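In what follows, a single structure is set out as structure tokens and then discussed.
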Amino acid sequence: MIDLHNAVFATYAIAACLMILKAVSMSWLTVVRMIGENGGFRNPEDTKKTPMNPNPSPAQIQPNERVERIRRIQQNDLENLPFFLAAGFLYVLTGPPLLLAQWLLYGYVVSRLLHFAAYFTGQIHEVRATFWSIGSLILIFMTVRVLLAALGY
Amino acid sequence: MIDLHNAVFATYAIAACLMILKAVSMSWLTVVRMIGENGGFRNPEDTKKTPMNPNPSPAQIQPNERVERIRRIQQNDLENLPFFLAAGFLYVLTGPPLLLAQWLLYGYVVSRLLHFAAYFTGQIHEVRATFWSIGSLILIFMTVRVLLAALGY
Amino acid sequence: MIDLHNAVFATYAIAACLMILKAVSMSWLTVVRMIGENGGFRNPEDTKKTPMNPNPSPAQIQPNERVERIRRIQQNDLENLPFFLAAGFLYVLTGPPLLLAQWLLYGYVVSRLLHFAAYFTGQIHEVRATFWSIGSLILIFMTVRVLLAALGY
């Protein structure tokens, strides 16, 4: 069952890889923003004069809203994605129908990408919260399903 | 061995699901607290007038201790639970006796729930630290056991 | 294939365990630093008079740079290691050659240990960023490899 040639497991693997790449992208996006803003750094040593920072200033380690936004998005990923990676894996072991697994796993991926789009562009809380909630409910559904299966139901 | 009908693996799956649900609950508890406090938000757009926030004010994005407490509890989860999910899975592969696996995996769950109770109610550091340490030592024990097995001991 | 006697999987398990122990060590190192500094705490209740804190003061919950540095290092772990644990596991399922798996998985471990050494000792950003980037690129490589395999390529 844990085999990339198994359609349900491959569905999980694709969703998992997309979410891992999404999470890693937030780190690189933070780097891009810090370079673009020439600030938003966090360490005292980041204001030393170096080849990549020829004109350092103490202001560079002040919080920068454009950088902090990406960090908040990333923090939201950390609160959600590691648990999706584990729950999705265990969910595959319950032997779900392929179509249901695709709706849940790809639905989760889509909800997180829409959450990112809403957060990144500063949409009102209701939009962001809706996409987050969809993903969280999918995660809870899969986890409860595994729990019941493991308990013998 | 990776089968929900295997007693040791089912033990892991139950413990993992409980910890995933615990982690996800922290997000929802943060939401509940933000609604109850009508504050503790973090994004500039969260002070816009919307259906769910009819009377916005800049004070809503000031840190709110009752909300921040839940965020700190969640951060502690992020520092621990993803590693438990991975270590517990690998530990099952070492073929431990069922009773020992139950003590370790369920013991970890109990230690985290007690840690939550102590943190949530603001008990002194010694209480919180004791429960955290029990969980952390279980995690270290399982990880070292896997490491030795993988190295051939 | 998911067997600690399989050389490729054992390589993954060893790398995973080292990274889990590394992540857990950051928590304990934070504790050591807080004791050494007698400060850097984060909760209001941590300034109560207790057996381990006989002379409390409000200054104890002010940010302390020596403690915050460890917290930033740990945060960097949280942004990276859970995704490595998942990606590395899935990568094993693609059946890579042992030597390549060893270079990638142990290379990741070495990159993270060097990142820690650079961060801990406050080296300039370029040094820290180089080690972080090596690990991140290994993670991306493995994830893309799994994605392609799961898609049938």
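If you read the sequences in order, they're chains P, A and E. Going by the numbering used here, the first residue of the first sequence is number 8, and it counts up by one from there. Going by the numbering used here, the first residue of the second sequence is number 8, and it counts up by one from there. Going by the numbering used here, the first residue of the third sequence is number 8, and it counts up by one from there. Cβ coordinates follow ideal geometry from the N, Cα and C atoms, glycine included. Quantities reported herein were computed from a predicted structural model and do not represent experimental measurements.
Not flagged as an interface residue toward chain E: A/A30, since no C-beta distance is shorter than 9 Å. Around the Cβ of A/N62, a 10 Å sphere holds fewer than 16 other Cβ atoms; the residue is exposed. When beta bridges are read from the DSSP output, A/N60 appears opposite A/T57. An exposed status is given to A/V39, since fewer than 16 other beta-carbon atoms sit within 10 Å of its beta-carbon. When the Cα atoms are used, A/F123 and A/S34 turn out to be separated by approximately 14 Å. Contact annotation: the region 143-152 of chain A does not touch the region 62-76 of chain E, with fewer than three C-beta pairs closer than 8 Å. In the DSSP assignment, A/E52 falls outside any alpha helix (DSSP H) and carries neither an H nor an E. Taking the C-beta atoms as reference points, P/L25 is found no nearer than 9 Å to A/C24. Taking 8 Å as the cut-off between beta carbons, the residues of the region 59-82 of chain E near chain A are M59, N60 and Q81, in sequence order. Around the beta carbon of P/E133, fewer than 16 other beta carbons sit within 10 angstroms, so the residue counts as exposed. In the structure shown, the three-state DSSP call for A/D84 is helix. Using beta-carbon distances, A/W35 counts as an interface residue toward chain P, with a partner under 9 Å. Cβ contact annotation for E/V15 (same chain, cutoff 7 Å, sequence separation greater than five): V99, P103, L105 and A108, in chain order. Rounded to whole angstroms, the Cβ separation of E/T18 and E/L144 is 19 Å, and the two are not in contact under 8 Å. In this structure, E/A157 is the residue among E/L120, E/S32, E/A157 and E/R73 with its C-alpha nearest to the C-alpha of E/L97.
Secondary structure at P/I9: coil, using DSSP grouped into helix, strand and coil. Rounded to the nearest whole angstrom, the C-alpha separation of A/D53 and A/G47 is 10 Å. Proximity of chain P to E/Q130 at the Cβ level (cut-off 9 Å) is accounted for by E52, in chain order.
Residue-level contact check: A/A17 touches chain P, since one or more beta carbons of chain P fall below 9 Å from its beta carbon. Within its own chain, the residues whose Cβ lies closer than 7 Å to the Cβ of P/F138, once the five positions on either side in sequence are excluded, are S118, L121, H122 and A125, listed in chain order. Residue nearest to A/L36 within the set A/Q81, A/A94, A/P58 and A/R49 is A/Q81 (criterion: CA-CA distance). By the Cβ-count criterion, E/G43 is exposed, with fewer than 16 other Cβ atoms from all chains shown falling within 10 Å of its own Cβ. Secondary structure at A/Q67: helix, using DSSP grouped into helix, strand and coil. Contact annotation for E/A20 against chain A: L97, V153 and A157 [CB-CB distance below 7 Å, chain order]. Contact of E/A124 with chain A is not assigned, every C-beta pair being separated by 9 Å or more.
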